[in-house]
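One structure is given below, encoded as structure tokens.
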Amino acid sequence: MATNTSSNKSNKQRGADVLRRITCGGLAGMIAKTATAPLERIKMMSQTGEGGAGILNIYKNVLKTEGVKGLWAGNGANLLRIFPSKGIVFSSNDVYKVTLCRVFDVPVINDGQNVKAPGNVSFVAGGLAGMTASALTYPLDFVRGRISGKGVSPDGSSKKYTGILQTIKVTIKEEGFTALYKGMKPTLLGAMPYEGIKFGTVGLLEGMITNDNDSTKSNVWRKVLFGAAGGVSAGCITYPNDTIRRLLQLQGTPGAEVFNGYFDCMRRTYARHGVGRFYAGMGINLVRMAPNTAVQFGAYELLKEFSANF
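Using our numbering, read the sequence shown as starting at 4 and increasing by one per residue.
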């Protein structure tokens, strides 16, 4: 009887810990995304064809046509997506790390607060976590792309996508339900290396710099620096894939080009614009990526430390 009671308590404790990590990861993602949303909006507009005039001109045009709030266009859909997405990414990353270390008999440090594993394990775990989160939350990522991509119709008279529910309704009516999953293939293909490189870099730096016996000290500032490094590394390597998925998401919007899948998009974009087109907006993306991932990892650690007291 005592064993069953102990087992039930242990299961409840594990469940509460997973829920705590999901909540902390989700809140950390929301804080980071909201803080860097204007940079994200400009980056996406540059990626999807409105960047020919330059980043500053895009910024001025958004302010002129949509006002200051236009810099946060699509952020509502992004926050609805980012809470479950980052919650799943951070919590499942820890689960995958423990599982992979157990399967391959690799040492792992799990003090109940942090899970530390070798860089190669962190890479695979992060990649699996990224694919899991992307698959479960993709329609909201699609909606965010529609809202924040092309700001107005070709004649400049109106904005086609004005809100989350309105975008979903218009998309399904005009293109069918499956349109909500346009660009999902490159998203999943990109999530594996992106999150893998990000978490792998953090894991590698933790192994090189931190002291395993130093678990009593706060990890917040370490994670801020490691997170920034991981985000910039991942962003540089996977950026061309991100451009392709944004172009695929915008099919069906006013003035957007229509492609016959991922490789057709890659081929035709290269033929018309050259290699540089795949890196449109990358400069501002790097400016955005460092603080975004730094805040993500730092806020996650801070929220975990805070919630551990309750």
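Just so you know, even glycine gets a beta-carbon here, dropped at the ideal spot from N, CA and C.
TODO: Identify, in the order they occur along the chain, each residue of the same chain with its Cβ nearer than 8 Å to the Cβ of Val-21, setting aside the five sequence neighbours on each side.
DONE: As a first step, residue 21 is located in the sequence shown; it is residue number 18 there, counting from the start. Result list for Val-21: Ser-94, Val-98, in chain order.
Open item on the list: Beta-carbon within less than 6 Å of Ala-302's beta-carbon, same chain only, minus the 5 sequence neighbours each way: which residues are those?
Closed with: Sequence index remark: in the sequence shown, residue 302 carries index 299 (1-based). Taken in chain order, the residues that qualify are Ala-31, Ile-34.
Open item on the list: Quick check on this structure: which residue in Gly-206, Phe-145, Gly-186 has the alpha carbon closest to the alpha carbon of Gly-129?
Closed with: The sequence position of residue 129 within the sequence shown is 126, counting from 1. Cα-wise, what sits closest to Gly-129 is Gly-206.
Task: Helix, strand or coil at Asn-113 according to DSSP, with G and I counted as helix - done: Position 110 of the sequence shown holds residue 113. Reduced to three states, the DSSP call for Asn-113 is strand.
Task: Pro-196 to Met-187 span [Cα, whole Å] - done: For the purposes of this step, residue 196 is identified with residue 193 of the sequence shown, where counting begins at 1. For the purposes of this step, residue 187 is identified with residue 184 of the sequence shown, where counting begins at 1. Roughly 15 Å between the two C-alpha positions.
- [ ] Could you check the C-alpha separation between Pro-189 and Asn-244 for me, to the nearest Å?
- [x] Here residue 189 is taken as the residue at index 186 of the sequence shown, counted from 1. Here residue 244 is taken as the residue at index 241 of the sequence shown, counted from 1. If you take the alpha carbons of Pro-189 and Asn-244, they lie about 7 Å apart.
Open item on the list: Between which residues of its own chain and Thr-39 is the CB-CB distance below 7 Å, once the five residues before and five after are set aside?
Closed with: Residue 39 sits at position 36 when you count from the first residue of the sequence shown. Excluding sequence neighbours, Thr-39 sits near Arg-291, Pro-294, Asn-295.
- [ ] State whether the stretch 141–152 contacts the stretch 221–232, with contact taken as three or more CB pairs (one from each stretch) at a distance under 8 Å.
- [x] no
Task: Burial state of Gln-299 (16 or more Cβ within 10 Å) - done: Residue 299 sits at position 296 when you count from the first residue of the sequence shown. With 16 or more Cβ atoms within 10 Å of its Cβ, Gln-299 is classed as buried.
Task: CB contact flag (Glu-304, Lys-226, <8 Å) - done: Position 301 of the sequence shown holds residue 304. Position 223 of the sequence shown holds residue 226. Contact: yes.
- [ ] Check each candidate in Lys-46, Ala-283, Gln-116, Leu-192 and name the one with the smallest Cα separation from Val-65.
- [x] The residue you call residue 65 lines up with position 62 of the sequence shown. It is Lys-46 whose Cα lies nearest to the Cα of Val-65.
Task: Cβ pair Asn-78, Lys-119 closer than 8 Å - done: What you label residue 78 is simply residue 75 of the sequence shown in a count that begins at 1. What you label residue 119 is simply residue 116 of the sequence shown in a count that begins at 1. Their beta carbons are not under 8 Å apart, which means Asn-78 does not touch Lys-119 by this criterion.
- [ ] State the Cα-Cα distance for the pair Leu-131 and Gly-199, rounded to the nearest angstrom.
- [x] Counted from its first residue, the sequence shown places residue 131 at position 128. Counted from its first residue, the sequence shown places residue 199 at position 196. The straight-line gap from Cα to Cα measures roughly 8 Å.
Task: Straight-line Cα distance separating Lys-201 from Pro-257 - done: As a position in the sequence shown, residue 257 is number 254, starting the count at 1. As a position in the sequence shown, residue 201 is number 198, starting the count at 1. Near 35 Å, if we compare the C-alpha coordinates of Lys-201 and Pro-257.
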